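**Student:**
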Amino acid sequence: MKKFGILAAALLLGAPAAFAQCTPQPVEDSASPGESGPLAKWDRYVETFTWSASVLQARQAAARNRKLVLYFMISGNLDEESC
Amino acid sequence: MRTVSFLDPEVRARVAERFECAWINIDPQRRYPPGLYKGQGRLHLRNATGADNIALIFATPDRKVLHVLPGYWDPRTILAELDFVQALRDAVLDDRTRFKAGAPEAFDRMHRDRANSLGAGSEILRNVHRRLTWEALRRLDDWTRADAAALVVND
Numbered sequence: 001m002k003k004f005g006i007l008a009a010a011l012l013l014g015a016p017a018a019f020a021q022c023t024p025q026p027v028e029d030s031a032s033p034g035e036s037g038p039l040a041k042w043d044r045y046v047e048t049f050t051w052s053a054s055v056l057q058a059r060q061a062a063a064r065n066r067k068l069v070l071y072f073m074i075s076g077n078l079d080e081e082s083c
Numbered sequence: 001m002r003t004v005s006f007l008d009p010e011v012r013a014r015v016a017e018r019f020e021c022a023w024i025n026i027d028p029q030r031r032y033p034p035g036l037y038k039g040q041g042r043l044h045l046r047n048a049t050g051a052d053n054i055a056l057i058f059a060t061p062d063r064k065v066l067h068v069l070p071g072y073w074d075p076r077t078i079l080a081e082l083d084f085v086q087a088l089r090d091a092v093l094d095d096r097t098r099f100k101a102g103a104p105e106a107f108d109r110m111h112r113d114r115a116n117s118l119g120a121g122s123e124i125l126r127n128v129h130r131r132l133t134w135e136a137l138r139r140l141d142d143w144t145r146a147d148a149a150a151l152v153v154n155d
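Chains as they are written, first to last, in the numbering used here: chain C, 1 to 83; chain F, 1 to 155.
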């Protein structure tokens, strides 16, 4: 019962995103290196940025808006503190 | 980067205004031990720390890499480099983000001039600019962690 209460509180506080693992999401653009996705970790990384949901989406938006793409490239999985 | 540079209001504003942002993991199988930089402090990382595991890469929509900042960089340096990227973009790309005639020469000249303009204490960044030549220009797909790390190695 106590665990249920904690879980319910967490859900109410919007914590589900915090349970997301640092696991790459499927990428629409199979030719792209790596992955990009709406991971909780990276959404929190810079909350005021709008991170594209995929590399393809970022590239399409850049082409449409005549901008460059800024890739935050990571190699391997760092824990959140080290990022 | 998370707790310092990307929390800087000017960095956030300039990035949001000028770029479409995405993150990529080029080696998702690699795992680092937790607390890799523990004890180094939030404000005491040297520039280019972690050059072999994080990098900011500026690329055209068709993935041509224009500039790379391997590792951690302080907000002041990032702001200056964001301005450099903007100037480089204007010099080598047309309104449709395609390379202009004369782009190779402009690309090399601008990176070289930027390298030469950097003062003492910016040796690492100078190395980065010197190594980013048109000849070395490549598509994002071809970048490896070794490439990014190699940019900051002293001559």
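C-beta: ideal position from N, C-alpha, C; glycine also.
Computed from a predicted structure; not experimentally measured.
1. Can you list the residues of chain C that F:I58 reaches, using a CB-CB cut of under 7 Å?
2. Does F:F19 get closer than 8 Å to chain C when you measure Cβ to Cβ?
3. Compute the Euclidean distance between the alpha carbons of F:L151 and F:F58, then round it to the nearest angstrom.
4. Tell me, please, whether the CB atom of F:N52 is closer than 8 Å to any CB atom in chain C?
5. Leaving aside the five residues before and after F:Y72 along the sequence, list all residues of the same chain whose C-beta is less than 6 Å from its C-beta, in chain order.
6. For F:R89, go through chain C and note every residue whose CB falls closer than 9 Å to its CB, in chain order.
7. Measuring alpha carbon to alpha carbon, tell me which of F:I26, F:S122, F:D142 ends up nearest C:M73.
8. If I measure Cβ to Cβ from C:A62 and keep anything under 8 Å in the same chain, skipping five residues before and after, which residues do I get?
9. For F:E81, count neighbouring C-beta atoms within 10 Å of its own C-beta (all shown protein chains included) and say buried if the count is 16 or more, exposed if not.
10. If F:P75 and F:A55 are in contact, beta carbons under 8 Å, what's the gap, nearest whole angstrom?
11. Tell me the residue span of the beta strand (DSSP E) that contains C:F93.
12. Any idea which residues DSSP pairs F:V11 with across the strands?
13. Tell me whether F:A146 is buried or exposed, calling it buried when 16 or more other Cβ atoms sit within 10 Å of its Cβ.
14. Tell me the residue span of the beta strand (DSSP E) that contains F:F19.
**Tutor:** A quick look at the data gives this:
1. Here residue 58 of chain F turns out to be Phe, not Ile, going by the sequence shown. Going along chain C in sequence order, the residues near F:F58 (Cβ under 7 Å) are L68, L70.
2. yes
3. 15 Å
4. Note on identity: in this sequence residue 52 of chain F is Asp, with Asn being the wrong assignment. Taking Cβ atoms only, chain C reaches closer than 8 Å to F:D52, which makes this a yes.
5. M1, L45, T49, G50
6. K67, L68
7. F:I26
8. L68, V69
9. buried
10. At roughly 17 Å, the Cβ-Cβ gap does not stay under 8 Å, so F:P75 and F:A55 are not in contact.
11. The structure shown does not extend to residue 93 of chain C, since chain C is modelled only from 1 through 83, so no value can be given for it.
12. DSSP, once it has assigned bridges, lists no residue as partnering F:V11.
13. exposed
14. 19-25
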